[in-house]
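Asks:
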Amino acid sequence: MNIGLGLTSSSKFSSVIATIIICALFVGVSHAASPKKSDAAATADSKKQKEFSSAKKAADTLLHAAEAFDVAALGEILGSDATDLIKSADPVADKKRATDFAAKSKEKMSLDVDPKNPKRTILAVGNDAFPLAIPIVQRRGKWMFDTKAGRDEMLMRRIGANELDAIEICRGFVEAQHEYAQEKHDDSQVNQYAQRIISTQGKHDGLAWQNADGTWGGPIGESVANAIAQGYSDKSQPYHGYYFKVLKGQGPAAPLGQMDFVVKGVMIGGFALAAAPAQYRVTGVKTFIVGPDGVVYEKDLGADTLKTFATIDRFNPDKTWKATDDEWPAQAVATE
């Protein structure tokens, strides 16, 4: 089985993740509230934001800009409050979300007028008619996107999508390691787990390898393999808002206690993976760890998440870590 986004074929989260990712659209939302502005300043800002003759015109213009991922145009449409919504630390993911959103609108698009406020309209896209977080409102006879009103909702969706992705990548990593260990590789005398994500050139000592014809083989897809292998450093790029790190040992809180997974150069004792948000409370909140049994644990490491993440070198799910709740994604969607 080749794992792409870390989603197993039996995953019950896949459709939930796809819906949340596509409908989040923009990402880097600051958790802190926007600085309060005077009425005069707010009026000045609104003048910089594009206004439209109708809600339909506003929606069509947004979708056109999203399809082209025209950052400047998106900024004009959504206003000065949207800069951190349009761009994040992961430009590739930003573009994909925007273009996927536009593509979803080609399935179906509707404008739903708020029954309690005829001057407020919600853009919904896709066959499932999922609503955009930012409403379109009428002010002074013109229509515009009320970006401020949508910030908190977008933050929740974005973080939720990234965290679901991270959990699924952790589970996909476990499945990939078990699949890898079913066969002996590179004339090895024993079955073992892969110590690397991307194999050494000409070998199959990792979970992914490049074939002679340039294609990729192994239980993990090329894009995920590159992302996980990169880990976290000043120059690395997050994958779906998260950094990942392979752990080669476990601590006293893990089953069978503290041990190294690598014995005499061969990783037969187990394996583990850790994942942390690239920007705390922007691309994610929880840090995740997973071991051979596939149980993913979560913990909020706080504002210094990346500093703490850098010190994690063993899988050690003590009482401060909580197993993720498999039912959470469905509940999250139901309450949005």
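Just so we're aligned, residue 720 is where the sequence shown starts under this note's numbering, counting upward by one. Ideal placement from N, C-alpha and C gives every residue a C-beta, glycine not left out.
1) Among residues of its own chain, excluding the 5 on either side of N930, which ones have a beta-carbon nearer than 6 Å to its beta-carbon?
2) Out of P850, D813, N846 and R890, point me to the one whose CA is closest to L992's CA.
3) Could you spell out the range, first to last residue, of the alpha helix (DSSP H) harbouring S829?
4) Is it the case that the Cβ atoms of L781 and L797 are separated by a distance below 9 Å?
5) How many angstroms separate the CA atom of L1025 from the CA atom of K827?
6) State the start and end residues of the unbroken alpha helix (DSSP H) segment that holds V893.
7) CA-CA distance, K1042 and V1015?
8) Which residue from D809, K806, D813 and A852 puts its Cα closest to that of A778?
9) With a Cβ-Cβ cutoff of 9 Å, do K767 and E795 count as a contact?
10) So the alpha helix (DSSP H) F788 belongs to, where does it begin and stop?
11) Checking 9 Å against the spacing of the C-beta atoms, do G960 and G1010 come in under that value?
12) Please work out which residues of its chain come closer than 7 Å, Cβ to Cβ, to V1033, disregarding the five sequence neighbours upstream and downstream, and give them in chain order.
13) With distances taken Cα to Cα, identify the nearest neighbour of F771 among D831, I855, A822 and S824.
14) Measuring alpha carbon to alpha carbon, tell me which of G1021, S829, W1040 and F990 ends up nearest E898.
15) Taking 9 Å as the cut-off, decide whether the C-beta atoms of I888 and Y958 are in contact.
16) Provide the residue span of the alpha helix (DSSP H) that contains T1006, from first to last.
17) Using CA atoms only, rank isn't needed, just tell me which of A900, A801 and D884 is closest to T866.
18) How many angstroms separate the CA atom of K964 from the CA atom of S918?
19) Of the choices A995, D1044, V1001 and M863, whose alpha-carbon is the least far from that of L804?
20) Distance check for F820 and G860, CA to CA, integer angstroms please.
21) Could you give the DSSP three-state label for P938: helix, strand or coil?
22) Only counting runs of 4 or more residues, tell me where the alpha helix (DSSP H) segments fall wholly within the region 916 to 995, in order along the chain.
23) Roughly how many angstroms lie between the CA atoms of P837 and S799, to the nearest whole one?
24) So, for T840: in the same chain, excluding its five sequence neighbours on each side, which residues have a beta-carbon less than 6 Å away from its beta-carbon?
25) Taking DSSP's pairing of strands, which residues face V844 in a bridge?
26) Which term fits L1088, buried or exposed, when burial requires 16 or more other beta carbons within 10 angstroms of its beta carbon?
27) For E902, count the other beta carbons within 10 Å of its own beta carbon; 16 or more makes it buried, fewer makes it exposed. Which is it?
28) Can you tell which of W928, I886, E894 and D884 has the C-alpha that lies nearest to the C-alpha of D905?
29) So, M986 versus Q914, is the Cβ gap smaller than 9 Å?
30) Where does E1017 fall in DSSP's three states?
31) Assuming contact is defined by CB atoms lying nearer than 9 Å, are A994 and A900 in contact in what I supplied?
32) Less than 9 Å between the beta carbons of E1017 and T1006, yes or no?
Replies: Once the coordinates are examined:
1) Position 211 of the sequence shown, counted from the start, is the residue given in the question as residue 930. Correct list, in chain order: G936.
2) Working through the sequence shown from its first residue, we reach residue 992 at position 273. Nearest option by C-alpha distance: R890.
3) By 1-based counting over the sequence shown, the position of residue 829 is 110. No alpha helix (DSSP H) contains S829, which is instead part of the beta strand (DSSP E) from M828 to D833.
4) As a first step, residue 781 is located in the sequence shown; it is residue number 62 there, counting from the start. As a first step, residue 797 is located in the sequence shown; it is residue number 78 there, counting from the start. Contact flag set, yes.
5) Position 306 of the sequence shown, counted from the first residue, corresponds to residue 1025. Position 108 of the sequence shown, counted from the first residue, corresponds to residue 827. One C-alpha to the other measures close to 40 Å.
6) Taking the first residue of the sequence shown as position 1, residue 893 is located at position 174. From DSSP, the alpha helix (DSSP H) with V893 extends over T866 to Y899.
7) On the sequence shown, position 323 is the one that residue 1042 refers to. On the sequence shown, position 296 is the one that residue 1015 refers to. For clarity, residue 1042 is Ala in the given sequence; the question names Lys instead. Roughly 6 Å between the two C-alpha positions.
8) Translated into the one-based positions of the sequence shown, residue 778 becomes position 59. Residue A852 is the option with its Cα nearest to A778.
9) Along the sequence shown, one-based indexing puts residue 767 at 48. Along the sequence shown, one-based indexing puts residue 795 at 76. A contact, by the Cβ cut-off of 9 Å.
10) Position 69 of the sequence shown, counted from the first residue, corresponds to residue 788. No alpha helix (DSSP H) holds F788; DSSP gives it neither H nor E.
11) Numbered from its first residue, the sequence shown carries residue 960 at position 241. Numbered from its first residue, the sequence shown carries residue 1010 at position 291. Against a cut-off of 9 Å, the Cβ pair of G1010 and G960 comes out as no contact.
12) Looking up residue 1033 in the sequence shown gives position 314. Note that residue 1033 is Arg in the sequence shown here, rather than Val. The answer, listed in chain order, is L966, G968, Q969 and G970.
13) For the purposes of this step, residue 771 is taken as residue 52 along the sequence shown, with counting starting at 1. When only C-alpha atoms are compared, the closest one is I855.
14) Along the sequence shown, one-based indexing puts residue 898 at 179. Looking at the Cα atoms, F990 is the closest of the given residues.
15) As a first step, residue 888 must be located in the sequence shown, where it is residue number 169. As a first step, residue 958 must be located in the sequence shown, where it is residue number 239. For I888 and Y958, yes; Cβs fall inside 9 Å.
16) As a working mapping, residue 1006 is identified with position 287 in the sequence shown. Note, T1006: premise wrong, no alpha helix (DSSP H); beta strand (DSSP E) at T1006 to V1009.
17) Numbered from 1 along the sequence shown, position 147 holds the residue referred to as residue 866. Among A900, A801 and D884, the Cα nearest to that of T866 belongs to A801.
18) Residue numbering aside, residue 964 sits at position 245 when the sequence shown is read from its first letter. Residue numbering aside, residue 918 sits at position 199 when the sequence shown is read from its first letter. Computed Cα separation, rounded: 16 Å.
19) Against the sequence shown, residue 804 aligns to sequence position 85. Out of A995, D1044, V1001 and M863, V1001 has the C-alpha closest to the C-alpha of L804.
20) Taking the sequence shown and counting its residues from 1, one reaches residue 860 at position 141. Taking the sequence shown and counting its residues from 1, one reaches residue 820 at position 101. In a straight line, the C-alpha of G860 is about 28 Å away from that of F820.
21) Here residue 938 is taken as the residue at index 219 of the sequence shown, counted from 1. If DSSP states are grouped into helix, strand and coil, P938 belongs with coil.
22) 941 to 949
23) Position 118 of the sequence shown, counted from the start, is the residue given in the question as residue 837. Position 80 of the sequence shown, counted from the start, is the residue given in the question as residue 799. Cα to Cα, the separation comes out at about 25 Å.
24) Numbered from 1 along the sequence shown, position 121 holds the residue referred to as residue 840. The residues are A774, L830, V832 and I855.
25) Translated into positions along the sequence shown, residue 844 becomes position 125. In the DSSP output, where bridge partners are listed per residue, V844 has M828 and F849.
26) Outside the shown range of the chain, which is 720 to 1055, sits residue 1088, and nothing can be said about it.
27) By 1-based counting over the sequence shown, the position of residue 902 is 183. Exposed, because fewer than 16 other Cβ atoms sit within 10 Å of the Cβ of E902.
28) Here residue 905 refers to the residue found at position 186 of the sequence shown. Ranking W928, I886, E894 and D884 by Cα distance to D905 puts W928 first.
29) In the sequence shown, the residue the question calls residue 986 occupies position 267. In the sequence shown, the residue the question calls residue 914 occupies position 195. Yes, these two residues count as a Cβ contact at 9 Å.
30) The sequence position of residue 1017 within the sequence shown is 298, counting from 1. Strand.
31) Position 275 of the sequence shown, counting from 1, holds the residue named residue 994. Position 181 of the sequence shown, counting from 1, holds the residue named residue 900. It is not a contact, given that the beta carbons lie outside the stated cut-off.
32) By one-based count along the sequence shown, residue 1017 stands at place 298. By one-based count along the sequence shown, residue 1006 stands at place 287. Contact: yes.
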